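A quick write-up on the structure given underneath.
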Amino acid sequence: MSRVLNALFAPGFFGSGPVRAAVVVGAVVAVVTGAVGVFTVIRGQSFAGHALGEVGSAGGSLAFLSGTNPLWGFMGVAVVAAGLMEVLGLHRPRSRDLATGLVLGAGLGCAALFLYLDATSTTSTGVTVTILFGSLFAVSQPVLPSVVALSAAVLVVIASCYRMLLLTSLSPDLAAARGVPVRAVAIAYLVIMAVAVSLAAETIGAILATALLVGPPATALRLTKRPGGAMVVAGLVGVAAVWIGIVLAYDSYYWPPVDHGWPVSFFVVAMVFVLYLGAGVVAALGRARRTRHVAAPPAMRESGCEPHVDADAA
Amino acid sequence: MFSGFMVNTWIAATMVAVIAGVVGFFVVLRGSAFAAHAIPHGSFGGAAGAVLIGANTILGLGIFAVGGALGIGWLSRRGRHDVATALALVLMLGLGALFLSFSVEYAPAVYSLLFGEVLGIPAYDLLPMAGLGLACVLAVLVLYRPLLLTSITPEVAEARGVRPGRIETAFLLVVALAATMTVPVVGVLLMFSLMIGPAAAARTFTSSPSRAIALSVAIALAIVWFGIAIAYVTNYPVGFFVGTLGAVSYGFARLWTAWRRGRAARPSPGGHAVRLELTAPQLPAAPRGR
């Protein structure tokens, strides 16, 4: 038994402080991005979500330059960028892509300048890599309480606006007809997404922020068509990907080449991707079984006789 | 600024601007800014891998860019386009993080790959760049009509037997070619800014595709030349100037057209003709997510 445990978890796994912090922060962030990400995927705003994380790195490097907590830098700039995208036309499908792209380009330009200044003022060339790629094992302990508090706040807001968010995401016209302030809800959602993404980008890196915001929710929406259920599944998938990634990264210290471990970001991204592909296979198998059991011609089902959230609909 | 090693930079930057202007027009028209961001950004992983095994950086960039384009095409056949793009991007970046952690002497080079480098263009890189650029222009010429058709009137395109999926994949491959050749100068992150800003600005001025392409190339050239000159003088990273100027040019274009429209709306002798010209039909929006 202990041999099996030793093979799965390399010695020292449970006693390590950074690992414990990574397990907690990774799970918290995965749950929050999973819940927020279901709406991101349904609303088709993956690009905006990714862009907010990357633009936030400009804020992170600016905070690094001025010596304040990078979390606030990430978050402040991400929220401002979300506002700019909205002003430039994120709400119109026609100009959504362009608005996001323009803000992302300008934000990355600023990040280039700040990172350059960081590198020249501190003579540490690793800043670029730290801010852009991040590491789950480098989570600083003092940030933990604010991360948990902000995550809880995001979840509370999502829970309290759940119905309005869902209606405006699925059918903006119907929502408008019912008197839901569609534009205000869209702006509120954008701010929530900015907060969630910058939380994730600051603690686990911009790559993982995008991976967790889009991957687990898309996986969940392949498995279940109910948005509420999808949020739970997305959280579980995200936590599973992060924890398996942490275990593998810790074990990899004993893999070749020997002197250091493999990056945890790589393992988490790989897990997210594998789970997404796996969900596709599961969904395809489920469809095939239903087609065999139900006598109705497939054309009827495809024409939308079942009421559900179609994640693949444009 | 114009002597010795800087000559290579000016030549390379000019080629980059032309390609970014041409390809960028279609990126903006088709609303595929995310793919245009993801392919160059993800190809960073290929560059890291090439450095690790001691191969040519352009080769690594190219393999990852083409792989990313094909991966996005393959994944989006089974799911949403933006989800597919995001997943392909993070997978390539994850591989990049892996390669990066294996190579030790790479840290300073990461910055110049991400944000561009004015001084680091060796002469032997110019020939492959020119070749890739030529291939890009030829591909756009061949694809010109089907690209416009599938972007503007997808129904007509389909009725004429043009397969939108194939055109999309072909277009993503063109973006991958453009990314491979432009990345060494402006960097993986800013290459995309150079494709979006100038093309978006050009489209606010004119509705004719050929004129918009010419204008977009002109604006991209101005931005790159200006950016390199300033970067050379001030020593700040060229990516900062290219990235912000791309967005600024679009802002100016919007302000300029708004001002023109405001003037035209005011009654004046001969104002009628002006108004007619301004209300000429714009290009319709590109279909979202295709």
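Note that the protein sequences, when read in sequence, are chains C and F. Be aware that the first sequence starts at 129, since it is given in my numbering, and climbs by one per residue. Be aware that the second sequence starts at 3, since it is given in my numbering, and climbs by one per residue. Where is the CB? At the ideal position from N, CA and C, for every residue including glycine. Since we're looking at a predicted model, the values are computed, not measured.
Notebook entry, point to check: Of all the CB atoms in chain C, is at least one closer than 9 Å to the CB of Ser34(F)?
Noted result: yes
Note to self: Determine, for Arg262(F), whether the minimum Cβ-Cβ distance to residues of chain C falls below 9 Å.
What the structure shows: no
Check: What's the gap between the Cα of Leu190(C) and the Cα of Arg147(F)?
Finding: 45 Å
Notebook entry, point to check: Quick one: is Asp225(C) near chain F, going by C-beta distance under 9 Å?
Noted result: yes
Notebook entry, point to check: Ala305(C): buried (16+ other C-beta within 10 angstroms of its C-beta) or exposed?
Noted result: exposed
Next item on the list: State the DSSP-derived secondary structure class of Val308(C), mapped to helix, strand or coil.
Entry: coil
Check: What's the call for Ile55(F), buried or exposed, on a 16-neighbour Cβ count within 10 Å?
Finding: exposed
Checklist line | Contact under 9 Å by Cβ, Gly167(F) with Gly62(F) | finding: no
Next item on the list: Any chance you could list the alpha helix (DSSP H) runs of at least 4 consecutive residues sitting entirely within the region 340-426 of chain C, in chain order?
Entry: 355-379 and 392-421
Checklist line | C-beta contact flag for Thr206(F) and Trp261(F) at 9 Å | finding: no
Next item on the list: Closer than 9 Å by beta-carbon distance: list the chain C residues that pair up with Arg79(F), in chain order.
Entry: Within 9 Å Cβ-Cβ: nothing; Arg79(F) doesn't reach chain C, min ~11 Å.
Margin query: Against chain F, does Thr338(C) count as a neighbour if the rule is that its beta carbon must be under 9 Å from one of theirs?
Written below: yes
Next item on the list: Would you please verify whether the beta carbon of Ile21(F) is less than 9 Å from any beta carbon of chain C?
Entry: no
Notebook entry, point to check: Any idea if Asn237(F) is buried or exposed, counting beta-carbon neighbours within 10 angstroms, 16 or more meaning buried?
Noted result: exposed
Next item on the list: Reducing DSSP to helix, strand and coil, say where Leu89(F) ends up.
Entry: helix
Checklist line | Start-to-end residues for the alpha helix (DSSP H) that takes in Phe175(C) | finding: Ser174 to Ser194
Checklist line | Residue from Ala14(F), His83(F), Phe46(F) and Gly51(F) with nearest C-alpha to Val169(C) | finding: His83(F)
Notebook entry, point to check: Could one say the Cβ of Phe207(F) lies closer than 9 Å to chain C's Cβ atoms, at least one of them?
Noted result: no
Note to self: Check this for me: beta carbons of Phe117(F) and Ala50(F), under 9 Å apart or not?
What the structure shows: no
Margin query: With a threshold of 9 Å between beta-carbons, can Ile198(F) be considered close to chain C, or not?
Written below: yes
Notebook entry, point to check: For Ala155(C), does the three-state DSSP call read helix, strand or coil?
Noted result: helix
Note to self: Give me the residue from Gly307(C), Val208(C), Pro270(C) and Val164(C) with the minimum Cα distance to Val284(C).
What the structure shows: Val164(C)
Notebook entry, point to check: Which same chain residues, not among the five before or five after Ser297(C), have their C-beta less than 7 Å away from its C-beta?
Noted result: Phe167, Ile170 and Arg171
Next item on the list: Enumerate in chain order the residues of its own chain whose CB-to-CB distance from Leu95(F) is below 8 Å, with the five nearest sequence positions on each side excluded.
Entry: His43, Gly44, Phe46 and Gly47
Check: Considering only residues of the same chain and omitting the five flanking positions on each side of Ala275(F), which have a CB-CB separation below 7 Å?
Finding: Any reading at Ala275(F) needs caution, since the residue's pLDDT is 43, under 50, leaving its predicted position unreliable; the model's value is listed next. Hits under 7 Å: none found.
Check: Any Cβ of chain C within less than 9 Å of the Cβ of Ala287(F)?
Finding: At Ala287(F), the pLDDT of 48 sits below 50, so the modelled position is not reliable and the matter cannot be decided from this model.
Check: Beta-carbon of Gly233(C) versus every beta-carbon of chain F: anything under 9 Å?
Finding: yes
Check: How many Å lie between Val185(F) and Arg417(C) at the Cα?
Finding: 47 Å
Checklist line | Per-residue DSSP class, three states only, for His436(C) | finding: For His436(C), the predicted model reports a pLDDT of 46, less than 50, meaning its position is unreliable and no value from the coordinates is stated.
Checklist line | Beta carbon proximity, Pro239(F) to chain C, threshold 9 Å | finding: yes
Item checked: Run of the alpha helix (DSSP H) containing Ser297(C), from where it starts to where it stops -> Tyr290 to Leu298
Notebook entry, point to check: Given that Tyr244(C) touches chain F, what residues does it touch there, using C-beta distances under 7 Å?
Noted result: Tyr238 and Pro239
Check: So, Met17(F) versus Ala132(F), is the Cβ gap smaller than 9 Å?
Finding: yes
Margin query: Any beta carbon from chain F within less than 9 Å of Leu341(C)'s own beta carbon?
Written below: yes
Checklist line | Contact belief for Gly22(F) with Leu196(F) at Cβ below 8 Å, rounded distance in angstroms | finding: According to the sequence displayed, residue 22(F) carries Ala and not Gly. Correct: roughly 4 Å between the Cβ atoms.
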